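J.: Have a look at this one.
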Amino acid sequence: MASSYSEVYDAWKQDPDGFWAEAAREIDWFRPFDRVFDPQLGVYGRWFPGGETNTCFNCLDRHVASGRAGQDALIYDSPVTGTVEHWTYGAMLDEVVALAAVYRDLGIGKGDRIVIYMPMIPQAVFAMLAAARIGAVHSVVFGGFAASELATRITDSAAKLVVTASCGIEAGRTIAYKPLLDAAIGMSRHKPAHCLVFQRQALKADLQTGRDIDFALAVAAARERGAQAPCTPVLATDPLYILYTSGTTGQPKGVVRDNGGHMVALTWSMRHFFGTRPGEVFWAASDIGWVVGHCYIVYGPLLNGSTAILYEGKPVGTPDAGAYWRVIAQHGVTTLFTAPTAFRAIRKEDPQGDLIGGYDLSGFRALFLAGERADPDTVGWAEAKLGVPVIDNWWQTETGWPVAGNPIGLGLLPVKYGSAAVPLPGYDVQVLDDAGHPVGPGTLGNVVIKLPLPPGCLPTFWNADERFREACLSEFPGYYRTADAGYIDEDGYIFIMSRTDDIINVAGHRLSTGSMEEVCASHADVAECAVIGIADPIKGQVPAGFLVINANVSRETSDIEQEVIGLVRERIGPVAAFKTAICVQRLPKTRSGKILRGTMQKIADRESWKMPATIDDPAVLDEIAAVLQARGIGISSR
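Next comes the structure, spelled out in structure tokens:
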């Protein structure tokens with residue numbers, strides 16, 4: 001394969017089937033696929049039809065057979081419990097085989113669904129791989145998710161089994177999972193036959209006779225009797241998992257990921273995008289409840305023969321803003337992949353990066369940021385403090401792996417702050433106006449991807465082909481609608497500015513809140529920020545900025561607010577009508593770190609709103625409502 005980005009991307013464009021056929025040679029197949037891509041199958045076509053394989057086999061069995069049995073596959077690092085565990089490929093395989101045998105004893109087979117509702121513990125990873133081993137379809141739900149949200153996922157997937165833990169542990173609090181699960185099953189229209197419950201020492205759960213089974217006891221019994229669970233061959237086009245995202249109608253969307261295309265795409269991305277070699281330690285500081293956790297805590301590193309970090313902690317507070325540096329130094333991490341919000345939190349607590357110097361980061365090679373827009377100021381701070389490439393990348397739950405980024409595995413391209421860099425092979429990214437016409441370089445518009453989507457992307461929503469067509473494919477025929485707004489410059493670099501619903505209309509001018517946030521974040525005292533559009537009777541909408549100030553800043557917040565307003569006026573111009581900046585203690589975020597701008601906007605516009613199920617700390621929205629009301633801007637109503 002060619003070595004430079006341009007040669008590789010051009011090779012894909014000239015011969016897509018040949019490109020992906022070559023990439024597919026990196027995984028093991030039980031039966032070769034009939035063709036690389038069939039445009040007549042599914043909603044827009046399917047990848048590797050006819051091929052038979054197994055994801056667990058590719059993650060574990062083949063590596064054990066090839067001599068990696070003694071290498072660490074997973075390092076569990078839990079500062080909230082003071083635990084570090086090293087799981088080799090051989091030990092993980094033994095554990096997964098025993099758990100897969102338990103599944104089979106409970107009547108779970110190929111195509112059956114298993115909901116996994118667990119914290120960041122090794123047993124959650126085993127639960128995913130054991131499902132893949134027997135051809136079952138798993139659906140991971142973020143541990144501690146509200147009972148009503150869990151209920152909708154159990155109902156929609158018709159899960160036969162739920163795998164859970166007795167509790168989740170965070171800094172300063174323990175969250176009992178079993179009462180939430182019991183309530184969810186009570187609400188669900190579908191009743192799982194069994195629940196496997198892993199009992200944690202911090203808080204044991206009461207088990208319901210007949211339905212609930214002790215996870216550890218069941219696995220130990222299966223191991224003692226020497227139970228076997230060979231890998232079940234599945235079609236490349238069979239589903240591996242369902243991952244639910246919040247839908248605009250209140251009904252969650254079940255993003256489907258298949259087995260074959262998923263493995264091919266992740267294996268390619270680990271080596272050619274992230275530049276990670278087998279045996280190296282890769283850390284995605286996310287949660288298995290999110291797509292990054294699925295792809296780059298569990299499947300990507302294991303498919304690649306690398307070592308993955310499973311971290312049960314936070315970027316700050318467990319115990320301090322040096323937590324990430326400790327993990328990197330202690331475990332020899334070469335590559336970290338996390339969200340920009342994590343680095344904004346670290347920078348807020350340690351603006352000068354003083355804690356970095358206490359750790360040996362000489363083996364650390366690259367930082368990748370994704371999840372929401374990486375503002376140039378945060379990227380620049382990380383570059384200066386860490387002395388390694390800081391690589392923004394852009395993708396979605398639906399795509400399953402990066403759409404755009406700077407491919408370190410093919411040789412770094414010039415960095416442009418604020419850009420997610422260039423499209424990766426498989427993705428033909430374009431920008432269209434609202435009527436579906438292409439726009440020129442530098443013109444803000446709707447970011448779309450020309451069909452077909454590459455391997456690894458969703459083929460559809462779970463049991464909802466028509467909903468998938470309507471939500472993602474109908475607005476711009478022949479294209480996948482990303483619902484992101486941005487532009488492509490004259491060099492082909494992609495700039496994702498905001499979600500399309502974050503474009504605000506100020507007196508007839510379409511403006512990106514992302515560009516305003518960029519300016520706000522450039523102020524030396526601002527740790528992070530959010531800009532929303534507020535309804536205005538004259539201009540339609542006007543922007544308002546919410547600013548979180550760095551620790552140890554003693555200046556008057558009113559002075560900082562006025563300086564930020566001046567910066568926006570200077571760099572974007574009076575057309576932005578940016579006259580409101582408000583300093584707040586913190587911003588409302590989801591557990592994956594995304595700022596809840598839409599809910600903030602509803603509060604400011606005095607619309608009715610409900611507490612988002614994904615929110616990390618509900619109290620923050622009440623704080624925002626109080627600050628807005630004090631400024632005479634919004635009155636909260638729920």
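Under the UniProt record's numbering, think of the first position of the sequence shown as 1, with each following residue one higher.
Every residue gets a Cβ at the ideal spot worked out from N, C-alpha and C, and that includes glycine.
Because the structure is a prediction, the values reported are computed rather than measured.
1. Out of Gly-144, Ala-73 and Asp-287, point me to the one whose CA is closest to Glu-280's CA.
2. When burial is assigned at 16 or more other CB atoms within 10 Å of the CB, is Gln-251 buried or exposed?
3. Can you tell me the Cβ-Cβ gap for Asn-259 and Val-234, rounded? I've got them flagged as a contact below 8 Å.
4. Would you kindly work out how many angstroms separate the C-alpha atoms of Lys-348 and Ala-551, rounded to a whole number?
5. Given this structure, state the Cα-to-Cα distance separating Trp-395 from Asp-182, to the nearest angstrom.
6. Which whole runs of the beta strand (DSSP E) in the region 451-538 are 3 residues long or more, in chain order?
7. Report the start-end ranges of each alpha helix (DSSP H) in the region 323-406 that is 4 residues or longer and not cut off at the edges.
8. Between Gly-379 and Asp-392, is the Cβ-Cβ spacing less than 8 Å?
9. Just the Cα atoms here: how many angstroms apart are Gly-135 and Ala-485?
10. Less than 7 Å between C-beta atoms, sequence neighbours within five positions excluded: which residues of the same chain meet that for Pro-618?
11. Using 8 Å as the threshold, is the region 311-320 in touch with the region 262-274, meaning 3 or more CB pairs across them?
12. Quick one: is His-86 buried, meaning 16 or more other Cβ sit within 10 Å of its Cβ, or exposed?
13. Could you give the distance in angstroms between the alpha-carbon of Asp-214 and the alpha-carbon of Arg-104?
14. Could you spell out where the beta strand (DSSP E) holding Phe-198 opens and where it closes?
15. Using the C-alpha atoms, what's the distance from Gln-123 back to Ser-166?
16. Please look up how many angstroms separate the CB atoms of Leu-161 and Ala-184, rounded, as I've assumed it's under 8 Å.
17. What do you get for Ser-269, buried or exposed, if any count of 16 or more other CB atoms within 10 angstroms of its CB means buried?
18. When the Cα atoms are used, what is the spatial distance from Phe-126 to Ala-218?
19. Smallest Cα separation from Val-526: which of Glu-561, Ala-236 and Gly-514?
20. Classify Asn-54: buried if its beta carbon has 16 or more other beta carbons within 10 angstroms, exposed otherwise.
21. Helix, strand or coil for Ala-127, going by three-state DSSP, please let me know.
22. Pull up the distance between the alpha-carbon of Gly-442 and that of Leu-310, whole angstroms please.
23. Measure from the alpha carbon of Phe-19 to the alpha carbon of each residue in Glu-517, Leu-621, Pro-454 and Ile-534, then state which is nearest.
24. Gln-585: buried (16+ other C-beta within 10 angstroms of its C-beta) or exposed?
25. Might you give, ordered along the chain, the residues of its own chain that have their beta carbon closer than 7 Å to the beta carbon of Leu-207, omitting 5 neighbours on each side?
26. My output table needs one value for Trp-283: the three-state DSSP class, helix, strand or coil.
27. Assuming His-86 is part of the beta strand (DSSP E), what are its boundary residues?
28. To the nearest whole angstrom, what separates the beta carbons of Ile-494 and Ala-604, a pair I think is in contact under 8 Å?
T.: Reading it off the structure:
1. In the sequence shown, the residue the question calls residue 280 occupies position 280. When Gly-144, Ala-73 and Asp-287 are compared, the shortest CA-CA separation from Glu-280 is found for Ala-73.
2. What you label residue 251 is simply residue 251 of the sequence shown in a count that begins at 1. The residue in question, Gln-251, is exposed, as its Cβ has fewer than 16 Cβ neighbours within 10 Å.
3. Within the sequence shown, numbered from 1, the residue matching residue 259 stands at position 259. Within the sequence shown, numbered from 1, the residue matching residue 234 stands at position 234. Asn-259 to Val-234, Cβ: 5 Å. Contact.
4. Indexing the sequence shown from 1 puts residue 348 at position 348. Indexing the sequence shown from 1 puts residue 551 at position 551. Cα to Cα, the separation comes out at about 6 Å.
5. Walking along the sequence shown from the start, residue 395 turns up at place 395. Walking along the sequence shown from the start, residue 182 turns up at place 182. Those two C-alpha atoms are separated by around 35 Å.
6. 479-488, 494-499, 503-506, 509-512 and 526-536
7. 323-331, 340-349 and 376-386
8. Numbered from its first residue, the sequence shown carries residue 379 at position 379. Numbered from its first residue, the sequence shown carries residue 392 at position 392. The question names Gly, but residue 379 in the sequence shown is Val. Their beta carbons are under 8 Å apart, which means Val-379 touches Asp-392 by this criterion.
9. In the sequence shown, residue 135 corresponds to position 135, counting from 1. In the sequence shown, residue 485 corresponds to position 485, counting from 1. About 38 Å.
10. By one-based count along the sequence shown, residue 618 stands at place 618. Met-611, listed in sequence order.
11. no
12. Here residue 86 is taken as the residue at index 86 of the sequence shown, counted from 1. Answer is exposed; the Cβ neighbour count stays below 16.
13. Your numbering for residue 214 matches position 214 in the sequence shown. Your numbering for residue 104 matches position 104 in the sequence shown. Their backbone Cα atoms lie some 16 Å apart in a straight line.
14. Residue numbering aside, residue 198 sits at position 198 when the sequence shown is read from its first letter. Counting along the chain, the beta strand (DSSP E) containing Phe-198 begins and ends at 194-198.
15. Position 166 of the sequence shown, counting from 1, holds the residue named residue 166. Position 123 of the sequence shown, counting from 1, holds the residue named residue 123. Rounded to the nearest whole angstrom, the C-alpha separation of Ser-166 and Gln-123 is 12 Å.
16. For the purposes of this step, residue 161 is taken as the residue at position 161 of the sequence shown. For the purposes of this step, residue 184 is taken as the residue at position 184 of the sequence shown. Actually they do not touch by this definition, with Cβ atoms about 14 Å apart.
17. Here residue 269 corresponds to residue number 269 of the sequence shown, with the count starting at 1. When all chains shown are included, Ser-269 counts as buried.
18. The residue given as residue 126 occupies position 126 in the sequence shown. The residue given as residue 218 occupies position 218 in the sequence shown. If I take the Cα positions, the gap works out to 14 Å.
19. Here residue 526 is taken as the residue at index 526 of the sequence shown, counted from 1. Residue Glu-561 is the option with its Cα nearest to Val-526.
20. The residue you call residue 54 lines up with position 54 of the sequence shown. Burial call: buried.
21. If you number the sequence shown from 1, residue 127 lands on position 127. DSSP places Ala-127 within a helical segment (H, G or I) once states are collapsed to three.
22. Position 442 of the sequence shown, counted from the start, is the residue given in the question as residue 442. Position 310 of the sequence shown, counted from the start, is the residue given in the question as residue 310. Cα to Cα, Gly-442 sits roughly 40 Å from Leu-310.
23. If you number the sequence shown from 1, residue 19 lands on position 19. Among Glu-517, Leu-621, Pro-454 and Ile-534, the Cα nearest to that of Phe-19 belongs to Pro-454.
24. If you number the sequence shown from 1, residue 585 lands on position 585. Gln-585 comes out exposed.
25. As a working mapping, residue 207 is identified with position 207 in the sequence shown. Around Leu-207: Val-197 and Asp-214.
26. Position 283 of the sequence shown, counted from the first residue, corresponds to residue 283. It is a strand residue.
27. Here residue 86 corresponds to residue number 86 of the sequence shown, with the count starting at 1. Here the beta strand (DSSP E) through His-86 covers 83-88.
28. As a working note, residue 494 is residue 494 in the sequence shown. As a working note, residue 604 is residue 604 in the sequence shown. So it is not a contact: roughly 30 Å between Cβ atoms.
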